[in-house]
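**Student:** For reference, the structure I am asking about is given below.
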Amino acid sequence: MIPEEMRVRHAGTGDIRFLVGARAEMFSSMGVVDQVMAWREAAADWFENHLDDESVGVFIAEREGKAASCAVGVLHACIPGPDVDGLLDVEISNVYTSEWARGSGCARAVMTALLNWARDRGAVRAKLNATDQGQPLYTSLGFVMTRCPAMKRSL
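In this note's numbering, the protein residues as written are 40 to 194.
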């Protein structure tokens, strides 16, 4: 249940500045050094080009009429295997809550909206990378740690 003073909605173009700022804060909290600012313009362009994309869900929680939290989901095809019988996953990222709104249920509200959105579109599995701070929320929403850690490489 969403508290009366909170509203969850799909993001619009007026939210792009908040979304990019939230992304920067998220990276900072993960210890990623933000030395090259050009990525912010590219991220703003990405949001501009994908907010209306049917395979992308971007949710905002507002408190007191102000954007407080966000979460982004991108649907993509997956190959069936022993752990999944469907053909669609949702990759979740950009989960962030402004410091002034932490502990108020905003992250839970945007995550719940995002998971419902993905499920309604046929996704059968959700994936995300969790910070230590986010793990308790994700665990309470049914996420489990996997045996194989995420890895990445620049190309």
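Don't be surprised by glycine CBs; every beta carbon is placed ideally from N, CA and C.
Here the structure is a predicted model, which is why all the values come from computation and not from measurement.
What do you get for Trp139, buried or exposed, if any count of 16 or more other CB atoms within 10 angstroms of its CB means buried?
**Tutor:** exposed
**Student:** Answer yes or no: do Ala148 and Ala81 have a C-beta to C-beta separation smaller than 8 angstroms?
**Tutor:** no
**Student:** Taking the alpha-carbon of Ala165 as reference, which of Leu154, Asp171, Gln172 and Gln174 has the nearest alpha-carbon?
**Tutor:** Measuring C-alpha to C-alpha distances from Ala165 to each of Leu154, Asp171, Gln172 and Gln174 identifies Leu154 as the nearest.
**Student:** On the premise that Gly173 lies in contact with Met45, defined as a C-beta separation below 8 angstroms, what is that separation, rounded to the nearest angstrom?
**Tutor:** Contact flag wrong, Cβ pair sits at about 19 angstroms.
**Student:** For Thr170, count neighbouring Cβ atoms within 10 angstroms of its own Cβ and tell me buried if that reaches 16, exposed if not.
**Tutor:** exposed
**Student:** Find out if the Cβ-Cβ distance for the pair Ala146, Val134 is shorter than 8 angstroms.
**Tutor:** Taking the C-beta atoms as reference points, Val134 is found nearer than 8 angstroms to Ala146.
**Student:** Sort Ser179, Ser137, Pro121 and Phe86 by Cα distance to Val113 and report the nearest one.
**Tutor:** Of Ser179, Ser137, Pro121 and Phe86, the residue nearest in Cα terms is Phe86.
**Student:** Taking C-beta to C-beta, are Arg79 and Val59 nearer than 8 angstroms?
**Tutor:** yes
**Student:** In whole angstroms, what is the alpha-carbon distance linking Thr52 and Ala110?
**Tutor:** 15 angstroms
**Student:** Any idea what DSSP makes of Cys117, helix, strand or coil?
**Tutor:** coil
**Student:** List, from N- to C-terminal side, the beta strand (DSSP E) runs of 3 residues or more that fit wholly inside the segment 122 to 179.
**Tutor:** Taking only runs of at least 3 residues, the beta strand (DSSP E) segments lying wholly in the segment 122 to 179 are 127 to 136 and 164 to 167.
**Student:** For Met69, I'd like the list of residues in its chain whose CB is within less than 7 angstroms of its CB, leaving aside the five on either flank, ordered along the chain.
**Tutor:** Thr170
**Student:** Quick check on this structure: which residue in Met150, Ser108 and Asp159 has the alpha carbon closest to the alpha carbon of Leu176?
**Tutor:** Met150
**Student:** Based on DSSP bridge pairs, tell me the residues matched to Gly9.
**Tutor:** Here the chain has residues from 40 to 194 only, and residue 9 is not among them.
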